[in-house]
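Heads up, the thing below is written out as structure tokens.
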Amino acid sequence: MSRWPLEVLGLITLAAVSVSAQPKPAEVGGYVKYLISRTDTRTEDPSLDQLIHARLNTAWYPAESLTGNLELRTRAFFGDAVQRTPGFASQLGHDGGIGKLGVALWDRPRSTGYAELDRCYLTWTPGRWQASIGRQRIAWGTNLVWNPTDLFNPYSVLDFDYEERPAVDAIRLQYYTGEVAKIECAVRPGGSATPAIAAAQWTFNEWQYDIHFLAGRVGGRWLAGTGWAGDILGGGFRGELLISERADVPGWNPSSKYTATAALSGDYTFPNSIYVHTEVLFNSEGVTGDAGAPRETTSAIGLLSPARWSLFLEIAGDVTPLLRADLFFIANPNDRSLVAAPSLTWSVVTDLDLTVIALLFNGSAGSEFGPGGSSLFLRARWSF
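Dropping the structure here:
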């Protein structure tokens, strides 16, 4: 049996000592998930994989205005994906700015274990001020799928098994000018694989809408944006707009000195619990042909999609009080590719959920979603 590296033992010991050493009250929670999946693609034989995912979330309060948060994420991968992917363990972990705060527990031909600190930060709240430092989640967007103004860590809705979303190594300062208004600044130092970010945001409420304006610098590029969240006739209405300078990335030749990304979102819940949600995303420099090839380049630039236009539609509802059905689509109208994601979630007992979800990709070989094939997942989750 493989021995755990000393770094992992030290990491776990640090987490345990940090929590136990703090004055009460303290909070400890988390979950354990088991995910089994089958994936079929155009180019490889079907892949059968399993994932055991455990998360420990802790918070402690050493002083009235001081809070510490530490969250540990541990995953064990088994199956064909590990065997077929060279250097699988080296691709795990998230670089929040200063590097990866994780380590491989073991690395075998068909299984890999990986543990990492997903959150580790302190928050000080004197009066109207709030300052935080460390690996934390900074979410500035208002939309539910695409967030152009989330400068620090925009996420993919297809990564359904990582609901916490990535964190970032940053210093964040917020000043509340009112109950629903604040000014904040955040800085992330640059690393070998991540650009430096320095930005400020002003958030306020007007006309019963939460509105924000932001400006900053990301990897040498100046940018500015705005967003809002409110409702129309009882339905949610959100939007975001970001204008940024052209990025110097090999292989990318933009037509303009500036890039515009905009997203518009609307959702409504009917009295019978049926929920409908739609969004549209526009990239001024997105491609209008097959969007499969430019994906890596547009990701390096920071665009949320390589396509000029992207469309999202979701319909969900309660089949019974304990069973919920969901179906969403993401489509690229230019290259006529799409992904469909139907799912069923059953609340078996308190704190135990069972979910079946499929990701069904369709399109030509060079399109944005065509090469994805299809995947079927079965997930059990126990929360504590």
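The sequence shown lines up with residues 1002 to 1385 when you count with the working numbering. For glycine and all other residues, C-beta sits at the position ideal for the given N, C-alpha and C.
Of all alpha-carbon atoms in 1097, 1156, 1257, the one lying nearest the alpha-carbon of residue 1135 is that of 1097. A residue is called buried once 16 or more other Cβ atoms fall within 10 Å of its Cβ, and residue 1066, having fewer, is exposed.
Taking the C-beta atoms as reference points, residue 1324 is found no nearer than 8 Å to residue 1341. Sorting 1281, 1155, 1174 by C-alpha distance to the C-alpha of residue 1166 places 1155 at the top. Here residue 1069 has 1061, 1123 as same chain residues with Cβ atoms under 6 Å from its own Cβ, once five neighbours each way along the sequence are excluded. In this chain, the alpha helix (DSSP H) harbouring residue 1084 covers 1081 to 1085. The beta carbon of residue 1227 is closer than 8 Å to those of 1150, 1212, 1213, 1214, 1215, 1241, 1242 in its chain, skipping five residues each way along the sequence. Residue 1343: member of the beta strand (DSSP E) spanning 1338 to 1350, first to last residue. Note: residue 1200 is bridge-paired with 1187, 1217 in the DSSP secondary-structure output. Note on geometry: alpha-carbon atoms of residue 1170 and residue 1245 lie some 22 Å from one another.
Of all alpha-carbon atoms in 1057, 1183, 1046, the one lying nearest the alpha-carbon of residue 1085 is that of 1046.
According to the DSSP secondary-structure assignment, residue 1125 is paired through a beta bridge with 1067, 1132. Taking each of 1351, 1347, 1366, 1343 in turn and checking the Cα distance to residue 1376, the smallest one comes out for 1343.
Here the segment 1351 to 1368 makes contact with the segment 1378 to 1385; the two share three or more CB pairs at distances below 8 Å. Here DSSP, grouped into helix, strand and coil, assigns residue 1264 to strand.
Of the residues assessed, residue 1160 falls on the exposed side of the cut-off, its CB having fewer than 16 other CB atoms within 10 angstroms.
Just measuring C-alpha positions, the residue of 1247, 1168, 1147 sitting nearest residue 1311 is 1147.
The beta carbon of residue 1080 sits closer than 6 Å to those of 1049, 1050, 1051, all from its chain and outside the five residues before and after it, given in chain order. In this structure, 1339 is the residue among 1356, 1379, 1339, 1381 with its C-alpha nearest to the C-alpha of residue 1369.
By a beta-carbon distance limit of 8 Å, residue 1152 contacts residue 1219. Their separation comes to about 6 Å.
Each of 1112, 1056, 1087 was checked against the Cα of residue 1077, and the nearest Cα belongs to 1112. Scanning 1275, 1188, 1037 for the CA closest to the CA of residue 1139 turns up 1188. Residue 1240 has 1229, 1265 as its beta-bridge partners, per DSSP. The beta carbon of residue 1055 sits closer than 6 Å to those of 1033, 1075, all from its chain and outside the five residues before and after it, given in chain order. Here the alpha carbon of residue 1087 sits roughly 12 Å from the alpha carbon of residue 1093. Around residue 1053, the same chain offers 1035, 1077 as residues with beta carbons nearer than 6 Å, after the five sequence neighbours per side are excluded. Taking 8 Å as the cut-off, the Cβ atoms of residue 1090 and residue 1119 do not count as close.
By alpha-carbon distance to residue 1248, the top candidate from 1179, 1042, 1095, 1223 is 1223. Counting other Cβ atoms within 10 Å of its Cβ, residue 1291 reaches 16 or more and is therefore classed as buried. The alpha carbon of residue 1128 has as its nearest neighbour, out of 1044, 1103, 1176, the alpha carbon of 1176. A direct Cα-to-Cα measurement between residue 1082 and residue 1041 gives close to 12 Å. For residue 1371, the secondary structure class from DSSP, reduced to helix, strand or coil, is helix. Exclusion of the five residues before and after residue 1072 leaves 1058, 1119, 1120 as the residues of its chain whose Cβ lies within less than 6 Å of its Cβ.
Rounded to whole angstroms, the separation of the alpha carbons of residue 1182 and residue 1209 is 12 Å.
Residue 1239 and residue 1326 have their C-alpha atoms some 24 Å from each other. If you draw a straight line from the Cα of residue 1257 to the Cα of residue 1196, it comes to about 22 Å.
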